[in-house]
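Quick note: the sequence shown uses our numbering, first residue 90, plus one each step.
Okay, so here's the structure we're looking at.
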Amino acid sequence: MTDQPPAAPRGAPPHAESVPVSITRHGTVAVVHIDHAPVNALSRGVRQGLIDAVQSLDGDAAVSALVLSGGPGRFIAGADLREMALPPDEPFLPEVVGAIDACTKPVVAALDGAALGGGCEIALACDLRLGSAKALVGLTETRLGIIPGAGGTQRLVRLVGVAQAIALVCEGRVLKAGEALALGLLDAVVEGDLLTEAIARAPAAAKRRLSALPVPVGDPAEEAAAAAKALKGAKGVPAIAEAIRVITASKDGDFAAGLALERAAFLALRESPEAKALRHLFLAEREAVKVPGLEGAKARSVSSAAVIGAGTMGAGIAVALLDAGYPVILVERDDEAAQAGVARIDALYARQVKSNRIDEARKAERLARLLPASDYAALAQADLIVEAAFEDMGVKTDIFRRLDKVAKQGAVLATNTSYLDLDAIAAATARPQDVVGLHFFAPANVMKLLEVVKATRTAPDVLATALALAKKMGKQPVVAGNCDGFIGNRIYAVYRRHAEYLVEDGAAPEEVDAALEAFGFAMGIFAVSDMSGLDIAYAMRKRRAAARDPNERYVSIADTLVEAGRLGRKTNGGWYAYDADGNRSPDPAVTQIIAEARAAKGIQPRSFTQEQIQLRLLAVMANEGAKELAEGIALRPSDIDLAFVNGYGFPRLKGGPMHAADALGLPTILTEIKVAHATGGAGSEPAELLAQLAAEGRTFADWQKA
Ligand code: NAD
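Here you go:
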């Protein structure tokens with residue numbers, strides 16, 4: 090799998106530097122070299138080159154054996170995902186795999202790197218698989234909502250049996266060299282130079298076609314257990330059930346029939362909305378780190394980090410930084426608060442120990458790198474400082490003014506602010522070019538999204554440093570411009586408002602949540618509000634009351650809930666009631682508050698179907714996203730999708746709000762947003778970009794490509 094652009098069209102003249110497959114001779118052994126940077130994705134050129142090479146060498150009397158090599162550090166990382174969006178272009182992968190399988194001479198695969206997806210299918214068609222310690226092997230297709238389509242399931246099952254094949258394929262597991270050897274996917278792990286060794290062993294290699302082997306007879310109970318486990322973890326991905334069906338069918342013993350069954354399932358899944366969504370997100374992740382203006386910018390070196398404020402977010406951010414290997418200075422207002430911060434971090438690690446994610450030794454090692462302090466002078470050492478104090482402009486500007494005095498020259502000064510104006514924070518320093526937003530999501534050590542917020546004067550190398558940091562922490566960065574709420578919270582605010590309009594107009598909170606959960610969210614928006622606590626948003630609404638557009642419809646139900654002491658789960662009541670075990674249920678007291686709010690405005694409650702609720706909320710998200718695109722707050726629709734999938738629980742199988750809007754059709758979204766505008770007033774106007782795309786019959790994806 091890769092982000093390679095498609096190969097030159099068929100019939101294009103071969104270009105000397107772009108020949109992706111070449112042959113060298115070593116006595117009677119021929120080495121077929123695959124060289125298609127960066128990861129040897131299976132582009133059309135690679136597929137054709139492999140077929141041509143294998144067939145010509147098979148007919149060459151001077152050749153006794155073949156070696157397939159992807160060069161140092163590589164084999165074949167998988168299909169070419171960008172090509173998958175284009176019309177199919179022959180030869181297809183099954184023909185490549187078929188040519189290798191049909192070769193009358195032994196073919197040795199030399200795996201010095203990733204043999205994933207289609208790359209693994211090619212390796213499985215070879216007669217001998219040698220790996221270096223760097224080899225990675227796996228049929229990872231189900232991660233993208235498809236199954237292997239070139240015999241991968243049928244060959245694997247003959248090697249490892251039904252139960253193991255189901256586990257490997259359904260988890261999309263990537264095996265390191267040692268595990269692959271233990272399971273038989275590699276025949277040997279070689280020390281020393283892999284290619285030299287492969288050439289040395291090739292003449293003695295025997296033909297050993299997996300396609301000709303019987304499927305090992307397994308324990309039916311074990312197979313059923315593997316299938317049940319895989320289905321349980323399927324999370325709605327249709328490819329899982331298909332993989333199980335196709336693998337189990339191999340027990341018939343007819344290889345050709347198994348191949349046909351697998352191919353048909355693959356082709357159908359490839360066109361499924363789920364696979365399209367997962368492919369979209371896979372490509373979106375690679376796109377998100379390409380930021381215009383950063384060409385040539387070099388990340389600053391960061392060897393120590395600091396966090397200011399050790400509350401909910403600061404503690405989580407400190408853990409994320411410790412996990413990434415940094416020493417972390419933790420600054421609080423006084424020693425007592427600093428110690429409380431250490432205790433919070435200790436507790437986060439204790440939970441990880443309890444759930445067996447880390448051991449005591451690792452916990453101790455991480456905590457040993459944590460340096461609590463109450464004196465800002467301690468920050469002089471840090472290359473990167475993340476402020477996570479109270480969400481208050483006065484507090485933040487005061488901190489950044491002090492930072493300007495103590496931080497070393499060139500240190501990156503970051504803030505975790507959720508809503509405040511980044512330029513105003515940067516202006517508190519004499520070095521606004523060093524200031525950037527690093528907007529983590531709670532819990533900061535768990536959530537994948539990191540919004541990297543660019544202020545007007547943020548230097549390119551500071552942005553590059555933030556992206557490099559995200560990578561080191563295993564986060565998904567999305568670059569956002571400076572505005573109220575940045576990419577995510579700005580859209581979320583509109584989404585929440587419209588969820589409340591729906592309630593005031595007649596939907597029960599539990600109906601809105603049920604519609605969202607049916608759409609694929611793990612939890613509906615009102616249940617989420619209860620979990621986070623209603624008081625924070627309440628305080629923000631009060632602070633901003635004066636600035637609110639009088640033409641924006643305002644729903645006061647949430648205010649009434651807070652004023653009645655219903656702050657959410659922490660008070661055993663918010664939008665819902667909670668029992669002693671934390672189970673939620675609708676609360677007549679809330680129904681009463683809602684009824685009174687409707688009556689006060691003279692609203693006759695009407696009913697909404699799940700589809701109406703889903704369409705309304707999707708439309709307002711995509712509409713606000715379109716405004717962000719026009720304003721340059723988000724660089725691309727796919728960045729918005731990544732933010733929602735990784736930070737707000739939007740279902741992955743729907744690909745994010747912009748992708749889902751495209752899939753539904755922008756004219757439908759536009760029609761709905763006009764209704765939403767009539768319902769919500771100011772702040773819900775249809776986005777010009779949305780109207781334009783809908784009129785032109787284009788999608789957000791088309792806009793991104795252009
Ligand atoms: P919190 O109240 O839990 O923690 C803030 C901490 O900062 C407290 O421990 C406080 O003692 C400390 N602090 C305050 N002033 C300080 C100063 N001058 N020097 C050192 N320490 C100081 O708040 P939180 O929820 O962790 O939020 C922190 C920041 O993160 C806010 O800007 C918030 O908007 C942002 N944020 C919060 C969330 C969330 O879900 N809670 C998510 C994303 C971003």
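Idealized CB from N, CA, C, for every residue including glycine.
This structure is a prediction, so every number in the text was calculated from the model and none was measured.
TODO: Would you mind stating whether Glu-806 and Leu-527 have Cβ atoms separated by less than 9 Å?
DONE: A query on residue 806 cannot be resolved here, the shown segment of the chain reaching from 90 to 795 and no further.
Task: Terminal residues of the alpha helix (DSSP H) in which Glu-184 lies - done: Here residue 184 refers to the residue found at position 95 when the sequence shown is read from its first residue. Counting along the chain, the alpha helix (DSSP H) containing Glu-184 begins and ends at 182-191.
Open item on the list: Measuring alpha carbon to alpha carbon, tell me which residue in Val-501, Ala-462, Val-568 and Ala-603 is nearest Leu-796.
Closed with: The shown model of the chain, from 90 to 795, leaves out residue 796, and the question about it has no answer.
TODO: Please say whether Asp-464 and Phe-562 have beta carbons closer to each other than 9 Å?
DONE: Mapped onto the sequence shown, residue 562 falls at position 473. Mapped onto the sequence shown, residue 464 falls at position 375. Checking the displayed sequence, the identity of residue 562 turns out to be Met instead of Phe. Pairing Met-562 with Asp-464 gives a Cβ-Cβ distance that is not under 9 Å.
Task: 8 Å CB neighbourhood of Thr-768 in its chain, flanking five on each side removed - done: Numbered from 1 along the sequence shown, position 679 holds the residue referred to as residue 768. A distance below 8 Å between beta-carbons, with the five flanking residues on each side excluded, links Thr-768 to the following residues of its chain, in chain order: His-587, Tyr-590, Asp-594 and Arg-642.
Open item on the list: Do Phe-529 and Phe-739 have their beta-carbon atoms positioned less than 9 Å apart in this structure?
Closed with: Here residue 739 is taken as the residue at index 650 of the sequence shown, counted from 1. Here residue 529 is taken as the residue at index 440 of the sequence shown, counted from 1. Not closer than 9 Å, so no.
Task: Collapsed DSSP secondary structure at Glu-179 in the structure displayed - done: Position 90 of the sequence shown, counted from the start, is the residue given in the question as residue 179. Correct three-state label for Glu-179: coil.
Task: Classification of Leu-233 by the beta-carbon crowding that lies within 10 angstroms, buried from 16 upward - done: As a first step, residue 233 is located in the sequence shown; it is residue number 144 there, counting from the start. It is buried - the Cβ of Leu-233 has at least 16 other Cβ atoms within 10 Å.
Task: Bridge-paired residues (DSSP) for Phe-529 - done: By 1-based counting over the sequence shown, the position of residue 529 is 440. Phe-529 pairs with Leu-539.
Open item on the list: Looking at the ligand NAD, does it come within less than 8 Å of Glu-480, judged from the CB to the closest heavy atom?
Closed with: As a working note, residue 480 is residue 391 in the sequence shown. Checking the Cβ of Glu-480 against the ligand NAD gives yes.
TODO: For Arg-869, count neighbouring Cβ atoms within 10 angstroms of its own Cβ and tell me buried if that reaches 16, exposed if not.
DONE: A query on residue 869 cannot be resolved here, the shown segment of the chain reaching from 90 to 795 and no further.
Open item on the list: Within 9 Å of any Cβ in chain C, is that where the Cβ of Ala-313 sits?
Closed with: The structure shown contains no chain C; it is built from a single protein chain.
Task: the region 177-191 in contact with the region 256-268 per 3-pair CB rule at 8 Å - done: Cβ pair count under 8 Å is below three, so no.
Open item on the list: the ligand NAD and Gly-414: does the residue's C-beta get closer than 8 Å to at least one heavy atom of that ligand?
Closed with: By one-based count along the sequence shown, residue 414 stands at place 325. Within the chosen limit of 8 Å, the ligand NAD does not reach the beta carbon of Gly-414 with any heavy atom.
Open item on the list: Let me check you understand the geometry: is the CB of Tyr-508 closer than 8 Å to at least one non-hydrogen atom of the ligand NAD?
Closed with: For this step, residue 508 is matched to residue 419 along the sequence shown. Residue side-chain check: Tyr-508 places its Cβ nearer than 8 Å to a non-hydrogen atom of the ligand NAD.
Open item on the list: Give me the DSSP bridge partner(s) of Gly-663.
Closed with: For the purposes of this step, residue 663 is taken as the residue at position 574 of the sequence shown. Its beta-bridge partners do not exist; DSSP assigns none.
- [ ] May I ask whether a heavy atom of the ligand NAD can be found less than 8 Å away from the beta carbon of Thr-401?
- [x] Within the sequence shown, the letter at position 312 stands for residue 401. Yes.
Task: Alpha carbon of Lys-743 to alpha carbon of Val-120, nearest angstrom - done: In the sequence shown, residue 743 corresponds to position 654, counting from 1. In the sequence shown, residue 120 corresponds to position 31, counting from 1. Cα to Cα, the separation comes out at about 44 Å.
Open item on the list: I need the straight-line Cα distance from Lys-763 to Gly-770, nearest angstrom please.
Closed with: As a working note, residue 763 is residue 674 in the sequence shown. As a working note, residue 770 is residue 681 in the sequence shown. Rounded to whole angstroms, the separation of the alpha carbons of Gly-770 and Lys-763 is 10 Å.
Open item on the list: Taking a contact to mean a Cβ-Cβ separation below 9 Å, would you say Val-249 touches Leu-217 in this structure?
Closed with: The residue labelled residue 249 in the question sits at position 160 within the sequence shown. The residue labelled residue 217 in the question sits at position 128 within the sequence shown. By the CB criterion at 9 Å, Val-249 and Leu-217 fall outside the cutoff.
Task: Inter-residue Cα distance where the pair is Ala-395 and Leu-468 - done: For this step, residue 395 is matched to residue 306 along the sequence shown. For this step, residue 468 is matched to residue 379 along the sequence shown. Near 7 Å, if we compare the C-alpha coordinates of Leu-468 and Ala-395.
Open item on the list: If distances are taken between C-alpha atoms only, which option among Leu-656, Gly-483, Ala-252 and Gln-243 comes closest to Leu-302?
Closed with: Numbered from 1 along the sequence shown, position 213 holds the residue referred to as residue 302. Restricting attention to Leu-656, Gly-483, Ala-252 and Gln-243, the CA atom closest to the CA of Leu-302 is found in Gln-243.
- [ ] List the residues that DSSP assigns as beta-bridge partners of His-122.
- [x] As a first step, residue 122 is located in the sequence shown; it is residue number 33 there, counting from the start. Answer is Ser-111 and Ser-158.
- [ ] Below 7 Å CB to CB, which residues in the same chain sit around Ala-531 once its five sequence neighbours on both sides are set aside?
- [x] By 1-based counting over the sequence shown, the position of residue 531 is 442. Apart from the 5 residues on each side of it in sequence, Ala-531 sits with its Cβ closer than 7 Å to the Cβ of Thr-401, Met-402 and Gly-405 in its chain, given in chain order.
Task: Endpoints, alpha helix (DSSP H) assigned at Gly-430 - done: As a first step, residue 430 is located in the sequence shown; it is residue number 341 there, counting from the start. Here the alpha helix (DSSP H) through Gly-430 covers 424-443.
TODO: Kindly list the residues whose CB is nearer than 8 Å to the CB of Arg-673, restricted to its own chain and excluding five residues on each side of it in sequence; keep chain order.
DONE: Your numbering for residue 673 matches position 584 in the sequence shown. Same-chain partners within the cutoff: Ala-616, Asp-619, Tyr-665, Ala-666 and Tyr-667.
- [ ] May I ask you to verify whether the region 145-163 touches the region 107-126, counting CB pairs closer than 8 Å and requiring at least 3?
- [x] Flag = yes, the region 145-163 and the region 107-126 touch.
Task: DSSP three-state assignment for Gly-786, whether helix, strand or coil - done: Sequence index remark: in the sequence shown, residue 786 carries index 697 (1-based). Looking at Gly-786 - three-state DSSP - the assignment turns out to be coil, as it is neither helix nor strand.
Open item on the list: Beta-carbon within less than 6 Å of Asp-388's beta-carbon, same chain only, minus the 5 sequence neighbours each way: which residues are those?
Closed with: The count along the sequence shown starts at 1 and reaches residue 388 at position 299. The sequence shown places Ala at residue 388, not Asp. Once the five neighbours on either side are set aside, the close Cβ partners of Ala-388 are Ala-553, Thr-554 and Ala-557.
TODO: Could you tell me which residues DSSP puts in a beta bridge with Gly-714?
DONE: Taking the sequence shown and counting its residues from 1, one reaches residue 714 at position 625. Gly-714 pairs with nothing; no bridge assigned.
Task: CB contact flag (Ala-427, Leu-419, <9 Å) - done: By one-based count along the sequence shown, residue 427 stands at place 338. By one-based count along the sequence shown, residue 419 stands at place 330. It is a contact, given that the beta carbons lie within the stated cut-off.
- [ ] From the DSSP output, in three-state form, read off Ala-450 for me.
- [x] Here residue 450 refers to the residue found at position 361 when the sequence shown is read from its first residue. Reduced to three states, the DSSP call for Ala-450 is helix.
Task: Other residues of its chain near Ala-252: CB distance less than 8 Å, five sequence neighbours each side excluded - done: Stepping through the sequence shown from its first residue, residue 252 is reached at position 163. Excluding sequence neighbours, Ala-252 sits near Gly-307, Asp-308, Glu-311, Glu-312, Ala-314 and Ala-315.
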